[in-house]
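Engineer: FYI, the numbering for the sequence shown is 118 to 236, going by the numbering used here. Got a structure for you, questions after.
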Amino acid sequence: MTGLNKHIDTFYSKILELLKTAHKTVLQSVNTTMFITYFEIGRLIVEEEQKGEEKAKYGQNLINDLSKRLSDEFGKGFSSTNLKQMRSFYLVYMSIRLNNKIKQLYCHSCECRNPFVYI
């Protein structure tokens with residue numbers, strides 16, 4: 118292999134690596150954005166269903182109507198099942214977050230009384 122070919126191969130490898138890195142970064146960015154978007158859709162559904170109440174008084178009609186409208190606008194991906202999963206994702210995340218806050222408060226009060234108590 119001549120020196121010119123080695124140089125071109127090295128040059129190509131640098132560009133290839135740059136493109137692969139950019140592609141990976143774009144995919145991660147899209148995944149993160151979709152993750153946050155689905156979480157927010159779940160939050161909005163819960164807030165609309167509950168209207169400040171402990172439990173929702175309705176919901177199925179809201180989900181079905183929203184599914185139809187979003188599917189008409191954006192195509193696949195917004196079935197009633199998917200929207201329910203977005204809502205569940207939000208509720209589960211918030212439940213975990215609340216449980217962690219309670220544990221932190223409990224652990225802090227335990228540590229104040231007894232530094233050897235662990236959860």
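The beta-carbon is built from N, C-alpha and C at its ideal position, and this holds for glycine as well. Note that the structure is a prediction, hence the values are computed from the model and not measured.
By the 10 Å Cβ neighbour count, where 16 or more other Cβ atoms means buried, how is residue 203 classified, buried or exposed?
Structural biologist: Residue numbering aside, residue 203 sits at position 86 when the sequence shown is read from its first letter. Burial call: buried.
Engineer: Quick one: what does DSSP say residue 196 is sitting in, helix, strand or coil?
Structural biologist: Taking the first residue of the sequence shown as 1, we reach residue 196 at position 79. It is coil, neither helix nor strand.
Engineer: Please return the same chain residues whose Cβ sits closer than 7 Å to the Cβ of residue 206, not counting the five positions on each side in sequence.
Structural biologist: For the purposes of this step, residue 206 is taken as the residue at position 89 of the sequence shown. Cβ within range, chain order: 155, 156 and 159.
Engineer: Ordered along the chain, which non-local residues of its own chain (more than five positions away) have a Cβ less than 8 Å from that of residue 201?
Structural biologist: Counting from 1 along the sequence shown, the entry for residue 201 is found at position 84. Once the five neighbours on either side are set aside, the close Cβ partners of residue 201 are 180.
Engineer: Have a look at residue 165 and residue 215 and give me their C-alpha separation to the nearest angstrom.
Structural biologist: Numbered from 1 along the sequence shown, position 48 holds the residue referred to as residue 165. Numbered from 1 along the sequence shown, position 98 holds the residue referred to as residue 215. Their Cα atoms are separated by approximately 21 Å.
Engineer: Within the present structure, is the beta-carbon of residue 214 separated from the nearest heavy atom of the ligand FAD by less than 7 Å?
Structural biologist: The ligand content of the structure shown is nil, which means the ligand FAD is not present either.
Engineer: CB-CB under 8 Å to residue 147, same chain, minus the five flanking residues each way: which ones, in chain order?
Structural biologist: As a position in the sequence shown, residue 147 is number 30, starting the count at 1. Closer than 8 Å at the Cβ level, and outside the excluded window around residue 147, lies no residue.
Engineer: In terms of residue numbering, what span does the alpha helix (DSSP H) encompassing residue 237 cover?
Structural biologist: Absent from the structure is residue 237, since the part of the chain shown begins at 118 and ends at 236.
Engineer: Should residue 152 go down as buried or exposed, given a rule of 16 or more other Cβ atoms within 10 Å for buried?
Structural biologist: Taking the first residue of the sequence shown as 1, we reach residue 152 at position 35. Label assigned to residue 152: exposed.
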